[in-house]
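A.B. asks: Questions regarding the structure given below will be posed in turn.
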Amino acid sequence: MIYKILPVLMFFCSTFTTNGSKTETPKKLIAATSKSAFEMKAESIYSSLHSNNLTLPKMESFAKALQGFYNLKEKGIVTKNILTLVDFSLSSNTKRLWIIDMSTNTVLYNSLVAHGRNTGEEFANAFSNAGSSFKSSLGFYATGEVYQGKHGLSLRLDGLERGINDNARSRAVVIHGADYVSESFIKSQGRLGRSQGCPALPVGITKEIINLIKDKSCLFIYHPSMNYQAQTKLLS
């Protein structure tokens with residue numbers, strides 16, 4: 002089955018005459034113009050986040066991540082109350098990865114994270130699901146198992162969106178540590194280093210992050226170039 006992330010809310014309305022009496026005109030289906038229940042809930046959760054003196058993600062990316070997180074939890078595709086959000090609309094020179102404990106609404110980490118070498122220089126702007134593209138893939142993932150690879154301790158990822166990131170495992174798009182994900186690299190090169198498509202992390206925190214988010218937690222990689230409300234479909 003395929004599930005839409007953000008269903009459009011609709012409602013019926015009737016028209017009235019100038020004297021207030023109800024007309025016999027047929028009901029019309031029109032798009033809701035007020036905030037949805039989910040939007041209000043997302044804003045409430047966002048305002049209650051415990052930042053731990055860390056920078057918070059943008060509300061837009063957080064709301065999209067939150068909706069997908071709830072959807073995946075409901076379907077049993079992810080089981081942990083941990084949400085990892087990567088915002089690729091931001092400069093790679095900024096900390097654009099967040100890990101949030103949704104049980105306590107607490108931001109646990111805010112970290113640098115790399116994008117693919119063919120995705121862009123300082124900014125990410127080109128994405129792909131194709132093998133050997135050396136580009137990052139957007140969308141929702143479930144974290145998988147831990148293994149020892151050429152980058153040391155690494156975490157496999159299962160892409161959950163057809164045609165967008167579902168080749169992640171066959172492409173070996175994983176979470177791993179890399180020396181080029183560091184403030185010192187930024188100072189020397191003017192931008193963060195880039196991967197072959199993996200969301201690579203600073204070496205010093207890789208082990209603790211992998212052990213926290215492994216085994217079916219939710220990862221969402223956001224960029225505004227993708228209209229998640231209209232296009233995103235999840236694999237079951």
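Adding 1 to a residue's 1-based position in the sequence shown gives its number in my numbering. Glycine included, every Cβ here is placed at the ideal spot set by N, Cα and C. All values derive from a computational prediction rather than experimental measurement.
1) Whole angstroms is fine: what's the gap from N166's alpha carbon to N82's?
2) Going along the chain, which unbroken runs of the alpha helix (DSSP H) with 4 or more residues stay wholly within the segment 189-232?
3) Inspect the beta-carbon positions of I222 and L139 and report whether they are closer than 9 Å.
4) Between Y181, S90, A115 and H177, which lies nearest to V147 when the distance is taken from Cα to Cα?
5) Could you work out which residue in T56, K215 and L156 is closest to L84 when comparing CA atoms only?
6) Where do the N-terminal and C-terminal ends of the beta strand (DSSP E) with Y47 fall, by residue?
7) Mind listing, in chain order, the continuous beta strand (DSSP E) runs of no fewer than 3 residues lying wholly within the segment 56-140?
8) Let me confirm a value: G205 is counted as buried when at least 16 other C-beta atoms fall within 10 Å, else exposed. Which label applies?
9) Measure from the alpha carbon of G145 to the alpha carbon of each residue in C219, E123 and A64, then state which is nearest.
10) Measure from the alpha carbon of R195 to the alpha carbon of each residue in L67, T105, V114 and Y47, then state which is nearest.
11) Hey, I101 and L50: beta-carbon distance below 9 Å or not?
C.D. replies: Short version:
1) What you label residue 166 is simply residue 165 of the sequence shown in a count that begins at 1. What you label residue 82 is simply residue 81 of the sequence shown in a count that begins at 1. Cα to Cα, N166 sits roughly 22 Å from N82.
2) 204-214 and 229-232
3) Locating residue 222 in the sequence shown gives position 221, where the first residue counts as 1. Locating residue 139 in the sequence shown gives position 138, where the first residue counts as 1. Against a cut-off of 9 Å, the Cβ pair of L139 and I222 comes out as a contact.
4) Locating residue 147 in the sequence shown gives position 146, counting from the first residue. The candidate whose alpha carbon is nearest that of V147 is H177.
5) Here residue 84 corresponds to residue number 83 of the sequence shown, with the count starting at 1. Per the Cα distances, K215.
6) Mapped onto the sequence shown, residue 47 falls at position 46. No beta strand (DSSP E) holds Y47; the alpha helix (DSSP H) holding it covers A38 to S48.
7) 83-88, 98-102 and 107-112
8) Counted from its first residue, the sequence shown places residue 205 at position 204. By the 10 Å Cβ count, G205 comes out exposed.
9) Here residue 145 corresponds to residue number 144 of the sequence shown, with the count starting at 1. It is C219.
10) Counted from its first residue, the sequence shown places residue 195 at position 194. Among L67, T105, V114 and Y47, the Cα nearest to that of R195 belongs to V114.
11) In the sequence shown, counting from the first residue as 1, residue 101 sits at position 100. In the sequence shown, counting from the first residue as 1, residue 50 sits at position 49. For I101 and L50, yes; Cβs fall inside 9 Å.
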